Structures are given as structure tokens and as C-alpha cells.
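**Q** Under the working numbering, the first residue of the sequence shown carries the number 105, and numbering increases by one thereafter. By construction, the Cβ of each residue, glycine as well, lies at the ideal position given by its N, Cα and C atoms. Remember, predicted model here, so these are calculated numbers, not experimental data.
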Amino acid sequence: MVQLHNVFMSYQRDVAALNGINLTIPKGDFVFITGVSGAGKSTLLKLLYGALQPSRGQVVVDGQNVTRLSRAQIPYLRRNIGVVFQDFKLLPNRTVLENVAITLEVLGWGKKDIGKKVYHILKQLGLEHKINSTPLRLSGGEQQRVALARALVNDPKILLADEPTGNLDEENKEQILAIFKEANIRGTTVLVATHDRRLTENCHRRMVVLEKGQVVEDSDVPQ
Numbered sequence: 105m106v107q108l109h110n111v112f113m114s115y116q117r118d119v120a121a122l123n124g125i126n127l128t129i130p131k132g133d134f135v136f137i138t139g140v141s142g143a144g145k146s147t148l149l150k151l152l153y154g155a156l157q158p159s160r161g162q163v164v165v166d167g168q169n170v171t172r173l174s175r176a177q178i179p180y181l182r183r184n185i186g187v188v189f190q191d192f193k194l195l196p197n198r199t200v201l202e203n204v205a206i207t208l209e210v211l212g213w214g215k216k217d218i219g220k221k222v223y224h225i226l227k228q229l230g231l232e233h234k235i236n237s238t239p240l241r242l243s244g245g246e247q248q249r250v251a252l253a254r255a256l257v258n259d260p261k262i263l264l265a266d267e268p269t270g271n272l273d274e275e276n277k278e279q280i281l282a283i284f285k286e287a288n289i290r291g292t293t294v295l296v297a298t299h300d301r302r303l304t305e306n307c308h309r310r311m312v313v314l315e316k317g318q319v320v321e322d323s324d325v326p327q
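1) In the DSSP assignment, what are the bridge partners of E321?
2) With respect to 6 Å, is the separation between the Cβ of R301 and the closest non-hydrogen atom of the ligand PLP below this value?
3) Can you tell me whether P179 is buried or exposed, with buried defined as 16 or more other CB within 10 angstroms of its CB?
4) How many Å lie between L127 and V106 at the Cα?
5) Is it the case that the stretch 106-126 contacts the stretch 283-290, given that we only count it when at least three CB pairs across the two stretches are under 8 Å?
6) Does DSSP classify L252 as helix, strand or coil?
7) Are the beta-carbon atoms of G245 and L272 separated by less than 7 Å?
8) So, at 6 Å on beta carbons, what are the nonlocal neighbours of V204 in its own chain, with the 5 sequence-adjacent residues on each side left out?
9) Which residues bound the alpha helix (DSSP H) around D118?
10) Just mark V140 as buried or exposed, buried being the case when its beta carbon has 16 or more other beta carbons within 10 Å.
11) Taking the alpha-carbon of R182 as reference, which of E202, Q248, R160 and T207 has the nearest alpha-carbon?
12) Quick check on the DSSP output: the beta strand (DSSP E) that includes R301 runs from which residue to which?
13) What three-state label does DSSP hand L156 in the structure shown?
14) Beta strand (DSSP E) containing D266: first to last residue?
15) Give a yes or no on contact between the stretch 293-311 and the stretch 121-136, applying the rule of three or more CB pairs nearer than 8 Å.
16) May I have the straight-line CA-CA distance separating V329 from H233, to the nearest angstrom?
17) Under the rule that 16 or more other beta-carbon atoms within 10 Å means buried, what is E267, buried or exposed?
18) To the nearest angstrom, how far is the alpha carbon of V250 from that of V170?
19) Can you list the alpha helix (DSSP H) stretches of 4 or more residues lying completely in the stretch 118-187, in chain order?
20) Considering Cα atoms alone, identify which of P260, A265, L303 and T298 is closest to K277.
21) I'd like the list of long-range same chain contacts for I280, defined as Cβ closer than 7 Å, with 5 residues on each side in sequence excluded.
22) Let me make sure I understand the geometry here. Which of V294, D259 and T238 has the alpha-carbon closest to that of I218?
23) Terminal residues of the continuous beta strand (DSSP E) containing V204?
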């Protein structure tokens with residue numbers, strides 16, 4: 105499902121964000137990408153959905169070599185990928201309903217089906233009463249959950265989440281983890297970038313640790 109072959113990524117000539125990454129994540133896996141700030145977690149995720157191109161190496165996602173895709177082909181890759189951004193990237197002048205629905209509108213869903221699907225995912229996340237609110241009227245934790253709803257509403261093949269529990273209390277963290285697990289059970293490959301070690305310890309899933317752009321630990325390397 106996801107493969108990185110000898111991947112290097114540099115933002116500046118002498119500063120390597122990723123330094124020779126080799127990583128294989130099979131279909132249906134659930135993986136935490138951990139490490140301190142600046143370890144390369146966010147950069148790795150951005151490579152997977154085509155927001156960045158590596159300086160060197162190959163990135164393969166869902167059978168497609170992302171490094172060879174044209175700019176016009178990237179949106180088609182992303183149709184099968186749900187992304188929870190660290191800064192949410194919600195549209196400030198759109199309601200919660202509209203922010204989540206946009207994923208399905210792009211895929212050509214009908215209005216009636218969109219309404220049902222969006223309400224279902226918002227109810228799962230305890231946000232059905234906020235359906236007509238705009239992001240500015242939501243707490244940070246509520247905005248985080250809207251971002252998660254948008255990423256999951258089309259049942260993507262792959263879910264990429266960048267610090268998805270950063271603005272949540274312990275109760276809401278458990279709720280988000282439960283939803284990740286449910287998505288994973290349904291077949292979604294889940295990658296979560298986090299520096300919250302309590303989160304990874306409580307979830308008991310494969311953990312890949314990055315340090316200075318390199319994999320220094322992989323708790324469950326596929327055979």
C-alpha cells in the first residue's frame with residue numbers, strides 16, 4: 105500500500121528533513137509515526153499525498169509512483185486518501201456541513217446522499233449539533249474533529265493524520281482512537297504522526313520512530 109525507497113528530502117541544501125528512509129506499510133496496517141518536533145513526521149506524510157516531492161528516492165502509494173505523477177494527476181491520487189492536517193485547513197466561511205461535504209462533492213455524490221453520509225460521520229464524532237456552525241464558532245477540539253470527519257467521510261483507502269489529538273482532552277482522544285480503529289477494521293490503512301507517547305502506548309499498534317529524518321526504531325517490521 106505504501107512504500108518509500110531510499111527517500112531523501114531537503115528543504116535547504118545542508119538540512120535534510122528525511123535522510124534515506126526505507127519503509128513498507130502493507131494494506132490494512134495501522135502505524136504510528138513518532139518522534140520529536142522536526143524529526144520528519146509531517147514531511148513524510150506530505151510526500152505520501154503529493155504535497156511535496158522527494159529530493160531523491162521513490163514514493164509508492166496505492167500502486168502509484170507518486171514521484172512520477174504530474175501535477176494534474178495528484179488530485180486523482182488524493183481521492184483515495186483522507187488527510188487530517190495539523191492546522192485543520194477548514195474553510196472559515198463555510199458551515200461544518202459544507203466543510204465535510206466538499207470531499208463528497210468533488211467525487212460527484214448526490215446532494216441527498218451527501219447529507220446522510222455527512223450527518224452520520226458527524227454524529228459518530230459528537231458534532232451533529234454543530235452542523236450549521238462555522239469553524240470560528242468551534243473550539244480547537246471541535247475543529248479537529250471536523251477535520252477528521254472530512255478525512256473519513258468517503259471511507260478512504262488510506263488515512264493520514266498529522267497530530268490529530270493535539271487539541272483534545274483525554275476523553276476525546278479515546279474517541280478519536282476508537283474511530284481510527286473502526287476505520288482500520290473496515291480496511292483503511294491508517295498512518296498517524298504524533299509525538300504523544302501515551303497515545304501510542306495505549307493503542308498497541310505498530311510504531312515507527314523517526315530521529316533526524318531517519319527510521320531509528322520499527323516496532324513491527326513486516327516480514
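**A** Let me lay it out:
1) Mapped onto the sequence shown, residue 321 falls at position 217. DSSP, once it has assigned bridges, lists V313 as partnering E321.
2) In terms of ligand content, the structure shown is empty, and the ligand PLP therefore cannot be addressed.
3) Stepping through the sequence shown from its first residue, residue 179 is reached at position 75. Around the CB of P179, fewer than 16 other CB atoms lie within 10 Å, so the residue is classed as exposed.
4) Along the sequence shown, read from residue 1 onward, the residue named residue 127 stands at position 23. Along the sequence shown, read from residue 1 onward, the residue named residue 106 stands at position 2. Pairing L127 with V106, the inter-Cα distance amounts to about 8 Å.
5) Fewer than three beta-carbon pairs drawn from the stretch 283-290 and the stretch 106-126 are found closer than 8 Å, and the two stretches are therefore not classed as touching.
6) In the sequence shown, the residue the question calls residue 252 occupies position 148. Correct three-state label for L252: helix.
7) As a working note, residue 245 is residue 141 in the sequence shown. As a working note, residue 272 is residue 168 in the sequence shown. Contact annotation: G245 and L272 have beta-carbon atoms nearer than 7 Å.
8) Locating residue 204 in the sequence shown gives position 100, counting from the first residue. Within the same chain, V204 has close Cβ partners V222, A253, R254 and V257.
9) In the sequence shown, counting from the first residue as 1, residue 118 sits at position 14. Per DSSP, D118 belongs to no alpha helix (DSSP H) and is neither H nor E.
10) To locate residue 140, count along the sequence shown from 1; it is residue 36. Exposure of V140 is indicated by the presence of fewer than 16 other C-beta atoms within 10 angstroms of its C-beta.
11) Translated into positions along the sequence shown, residue 182 becomes position 78. Ranking E202, Q248, R160 and T207 by Cα distance to R182 puts T207 first.
12) Reading the sequence shown from its first residue, position 197 is the one you call residue 301. Note, R301: premise wrong, no beta strand (DSSP E); alpha helix (DSSP H) at R301 to C307.
13) Walking along the sequence shown from the start, residue 156 turns up at place 52. Of the three classes helix, strand and coil, the one that applies to L156 here is coil, per DSSP.
14) Taking the sequence shown and counting its residues from 1, the one referred to as residue 266 is at position 162. From DSSP, the beta strand (DSSP E) with D266 extends over I262 to D266.
15) Contact between the stretch 293-311 and the stretch 121-136 is present, because at least three Cβ pairs lie under 8 Å.
16) Residue coverage of the chain in this structure runs from 105 to 327, which leaves residue 329 outside it and unanswerable.
17) For the purposes of this step, residue 267 is taken as residue 163 along the sequence shown, with counting starting at 1. With 16 or more other Cβ atoms within 10 Å, it is buried.
18) Counting from 1 along the sequence shown, the entry for residue 250 is found at position 146. Counting from 1 along the sequence shown, the entry for residue 170 is found at position 66. Approximately 28 Å between the Cα atoms of the pair.
19) Within the stretch 118-187, the complete alpha helix (DSSP H) runs of at least 4 residues are 145-152 and 178-182.
20) Locating residue 277 in the sequence shown gives position 173, where the first residue counts as 1. Ranked by how close their Cα comes to the Cα of K277, the residues P260, A265, L303 and T298 have L303 in first place.
21) For the purposes of this step, residue 280 is taken as the residue at position 176 of the sequence shown. Cβ neighbours of I280 beyond the five flanking positions: L252, P268, T269 and L272.
22) For this step, residue 218 is matched to residue 114 along the sequence shown. Closest by alpha carbon: D259.
23) Start at 1 with the first residue of the sequence shown, and residue 204 comes out as number 100. Element bounds for V204: not the beta strand (DSSP E) but the alpha helix (DSSP H), V200 to V210.
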